[in-house]
Amino acid sequence: MTEKNKKGNKEPLGSPKGMRDLVGQDYYNFQGFFEKAQEVAVYYGFKPIETPILEYEETFTTAVGVGTDIVDKEMYTLKTKGGDHLAMRPEHTAGTMRAYIEHGMQNEPQPVMLYTGSPVFRHDKPQRGRYRQFWQFDMDALGSEKSIIDALVVKAVLTILEEAGAHNLSVEINSIGDKECRGQYLKELTAYYKKHLSSLPAVDRERLKTNPLRILDSKEEKTKEINIDAPDSIGSLCASCKKHFKEVLEYLEEMGIAYTINKNLVRGLSYYTRTVIEIIEQDGGEGGTPLTIAAGGRYDYLGKQLGSKKDIPAMGISIGIDRVVGAPWYKKLSPRIMKKAKFYFIQLGSDAKLKSLNVIEILRKAHIPISQSLSKDSLGAQLAIAEKLGMPYALIFGQKEALEDSVIVRDMSNRSQETIKLAKLLEYIKTLK
RNA sequence: GGGCUUAUGGUGUAACGGUUAACACUGAGGUUUGUGGAACCUUCGAUCUGGGUUCGAUUCCCAGUAGGCCCCCCA
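Heads up, the first sequence is in my numbering, so the first residue is 2 and it goes up one at a time.
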C-alpha cells in the first residue's frame, strides 16, 4: 500500500446532515407527485405561488411563534452582509401570508387560494420521514372565514393523497377556538394545571409558562393521566366557534370523509385558531410509528400579526411530500415528460453511428419517444436491451441502411422486420400505432 | 438534547483472534460479435478514526465520528 493511499487522500465531503440528492427515479417520484398535486389543486381553484426561501427572521418568529421548537431550536438563520437577519423558511404559511399582504391581494375576490410545493428547512435530528431539507406541498385559502373553505381544503388534500396511492388514512380534527373563547379556555386550562402542579413533570411545568396548550398532547405518562380530566377546548368554544366547527364536520360527513375528533390535538405552531387537522397514515412503514403526512388548520389572526390592518381569516394544510413519496403505498406517479417509448433505436457500424443522431432528431421532432444506447456497439447486445425493456419495436440502422437512407423496423414480438426508407419512416410508424 | 443500533472496494456480501482480506456486480481497457439478456482476457478499487487487550485484531473492549432507528418535536 502506498503512502498516498494511506494518508494522502482527503475524506470525501458528503451532503450536509439531513439533506440529500434527488437523482433519477427519486427525482421523478417527486416531480410526478408534484404534477398530480398541482393538477388537483388547480382543479379546486388554487393558483400557484413561489415565495423566497429566505424571509426576514421576524416573519417566522412572529408567525410561528416564540416558544415553539421550530422557532426556538430549528431555524436556520443568517445575518447578511448588509446586516439583515434572515431565516430559511421552516414552513410555507408565513411567507404566503406575507406575500398576500405585500401584494394587496385583499383587493381580489376572496378567498385567494394559493398552492406551493418546494423545500423548507428545519434543523432537526434526522430520522425516518424527517429531513433537514424537506418538501411541503401547501394549499392555503386566504380571506374567508367560511367553514366550507376548511372543508374544501381538507377535501383537496385528501384527494391528492388518495390519487398518490394512500389508503387507510386517519383524519384527526379539533377546534381550539378564537380570541373570544380561547382566552377563557386558556385561563381554565392553566388554572387546572396549576392545581396539579406538584404532579406535573418538569417539561410540562415549563410548557405551562410558554404554551399551555401543548401540555394537552404531552407524551409524559403522568401528564396523560392528568389530561383525562382536563377541560377540553371544544367544551369551551364560544357560540360562533362551535357553529363553525359543527359546520366543518357536517361538510366532511356530507363528503363521506371519516374523521376522529381528537380533543388533544393542538398543533405545534402558535398561529392556529379554530380548526386544526392532522392526517396520519395508519399502515405506514413496517413497525414504524405512524407518520403525520399532512397537517394544518385555520389561522385567522396571522395576517394581522404580520402587519395587515384588517384581519385575514385563512385556512391551509401542508403535505409532507417526502413522507408521501417514501411511503410503501406511494404509486410512483410519472411526470408528464416521461413518455413510454415504443421504439428502441439500434445503430451498427461507424457510418451509421455518425448519422444516427440525425435520424433520432427526425423522430424527436415528430414527438415519437424512443430509447437507445448509442454507446453500445453490438447488434445482439442492443437487441437484448430492447427485449429487456419490453420494447414493441426496434429500429435498426446499420451500414447498409445508412447508405440507402433507410431503417429496419423490427417487430419484437414476432421477429418480423421490414426495411423502410427514411423519408417514409414517420408515415410507416403511424400505421403501427 | 436523550436512548438503541450499525460501520470491510463505487454497490452488495464473506473471512474459528492467525498466510498476500475473499466473492459477485459495477467502472476502465481489450479480443470477438449484422439479429434476442453473449463470451473471454487485462485492470482500478476496502477493513471509519484513535486508544486498549494480545505474540498477533477486520474480528474482543473503550472513546470519537458517521449513518439508520426510537424519544422529544414535527410534514
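Ideal Cβ positions, reconstructed from N, Cα and C, are used throughout, including at glycine. All of these numbers come straight from a predicted model, not from anything done at the bench.
The beta strand (DSSP E) enclosing F47, as first and last residue numbers: Your numbering for residue 47 matches position 46 in the first sequence. Run containing F47: none; DSSP gives neither H nor E here.
Would you call the region 364-383 in contact with the region 414-421, where contact means no fewer than 3 C-beta pairs closer than 8 Å? no
Do T290 and E279 have their CB atoms nearer than 8 Å? As a working mapping, residue 290 is identified with position 289 in the first sequence. As a working mapping, residue 279 is identified with position 278 in the first sequence. Contact flag unset, no.
Taking P17 as the reference, which of R133, M89 and K37 has the closest Cα? Working through the first sequence from its first residue, we reach residue 17 at position 16. P17 has its Cα closest to that of R133, out of R133, M89 and K37.
Closest Cα partner of G298 within the set F344, S219, R324 and R268: Taking the first residue of the first sequence as 1, we reach residue 298 at position 297. Ranking the options by Cα distance to G298, first place goes to R268.
Considering only DSSP beta bridges, list what V172 is partnered with. Start at 1 with the first residue of the first sequence, and residue 172 comes out as number 171. In the DSSP output, where bridge partners are listed per residue, V172 has I280.
What's the gap between the Cα of K428 and the Cα of A152? Reading the first sequence from its first residue, position 427 is the one you call residue 428. Reading the first sequence from its first residue, position 151 is the one you call residue 152. The amino acid occupying residue 428 in the given sequence is Glu; Lys does not appear at that position. Between E428 and A152, the C-alpha separation is close to 52 Å.
Spatial distance of F61 from A100 (CA atoms): Position 60 of the first sequence holds residue 61. Position 99 of the first sequence holds residue 100. C-alpha separation (whole angstroms): 13 Å.
Take the Cβ of I229 as the centre, count every other Cβ of all protein chains shown within 10 Å, and call the residue buried at 16 or more, exposed below. Against the first sequence, residue 229 aligns to sequence position 228. With fewer than 16 Cβ atoms within 10 Å of its Cβ, I229 is classed as exposed.
Since K80 sits in a beta bridge, which residues does DSSP pair it with? On the first sequence, residue 80 is found 79 positions in, with the first residue counted as 1. According to DSSP, K80 bridges with H86.
Determine which residues share a DSSP beta bridge with Y331 and list them. Position 330 of the first sequence, counted from the first residue, corresponds to residue 331. Paired residue(s): none; Y331 is not in a bridge.
What number of angstroms, rounded off, separates the C-alpha of S379 from the C-alpha of K356? Numbered from its first residue, the first sequence carries residue 379 at position 378. Numbered from its first residue, the first sequence carries residue 356 at position 355. Cα to Cα, S379 sits roughly 17 Å from K356.
Within the same chain, show all residues whose beta-carbon is closer than 6 Å to that of P370, passing over the 5 residues directly before and after it, in chain order. Counted from its first residue, the first sequence places residue 370 at position 369. Closer than 6 Å at the Cβ level, and outside the excluded window around P370, lie K340 and A342.
Check whether the region 218-226 and the region 160-177 touch, using three or more Cβ-Cβ pairs below 8 Å as the test. no
Secondary structure at S357, three-state DSSP: helix, strand or coil? By one-based count along the first sequence, residue 357 stands at place 356. In the structure shown, S357 sits in a helix (DSSP, three-state: H, G or I).
Please report the straight-line C-alpha distance between I405 and T160, rounded to a whole angstrom. The residue you call residue 405 lines up with position 404 of the first sequence. The residue you call residue 160 lines up with position 159 of the first sequence. Note that residue 405 is Glu in the sequence shown, not Ile. For E405 and T160, the distance between alpha carbons rounds to 55 Å.
Nearest to E36 by CA position, among K196, V326 and Y394, is which residue? Working through the first sequence from its first residue, we reach residue 36 at position 35. Measuring from the Cα of E36, the nearest candidate turns out to be V326.
As assigned by DSSP and simplified to three states, the class of A152: What you label residue 152 is simply residue 151 of the first sequence in a count that begins at 1. The answer is helix: DSSP assigns A152 an H, G or I state.
Any contact of the region 140-148 with the region 309-325, i.e. 3+ C-beta pairs under 8 Å? yes
C-alpha gap between V113 and D301, whole angstroms: In the first sequence, residue 113 corresponds to position 112, counting from 1. In the first sequence, residue 301 corresponds to position 300, counting from 1. Roughly 14 Å separates the two Cα atoms.
Quick check on E109: does DSSP put it in helix, strand or coil? Position 108 of the first sequence, counted from the start, is the residue given in the question as residue 109. E109 falls in the coil class under three-state DSSP.
Taking the straight line between their C-alpha atoms, what separation do you get for K332 and V249? Residue mapping note: residue 332 aligns to position 331 of the first sequence, counting from 1. Residue mapping note: residue 249 aligns to position 248 of the first sequence, counting from 1. Distance between the alpha carbons of K332 and V249 is about 30 Å.
Check M413 in the structure and name its three-state DSSP category. By one-based count along the first sequence, residue 413 stands at place 412. DSSP places M413 in coil when its eight states are reduced to three.
Find the nearest neighbour of M256 within the set K156, Y29, R208 and G304, judged by alpha-carbon distance. Numbered from 1 along the first sequence, position 255 holds the residue referred to as residue 256. Residue K156 is the option with its Cα nearest to M256.
Taking C-beta to C-beta, are A295 and V158 nearer than 8 Å? Taking the first sequence and counting its residues from 1, the one referred to as residue 295 is at position 294. Taking the first sequence and counting its residues from 1, the one referred to as residue 158 is at position 157. Yes, Cβ-Cβ distance for A295 and V158 is below 8 Å.
Hey, out of W136, T81, Q111 and G105, whose CA is closest to D22's CA? Your numbering for residue 22 matches position 21 in the first sequence. Nearest of W136, T81, Q111 and G105 to D22, Cα basis: W136.
Please identify the residue among S199, S200 and I235 whose C-alpha is closest to the C-alpha of L214. Numbered from its first residue, the first sequence carries residue 214 at position 213. Per the Cα distances, I235.
When we look at the beta-carbon of T69 and count the other beta-carbons within 10 Å, is it buried (16 or more) or exposed? Within the first sequence, residue 69 is the residue found at index 68, counting from 1. Buried.
Rounding to the nearest angstrom, what Cα-Cα distance links L190 and T276 in this structure? Counting from one through the first sequence, the residue named residue 190 turns up at place 189. Counting from one through the first sequence, the residue named residue 276 turns up at place 275. About 19 Å.
Does S374 come out as helix, strand or coil in the three-state DSSP assignment? Translated into positions along the first sequence, residue 374 becomes position 373. In the structure shown, S374 sits in coil (DSSP, three-state: anything other than H, G, I, E or B).
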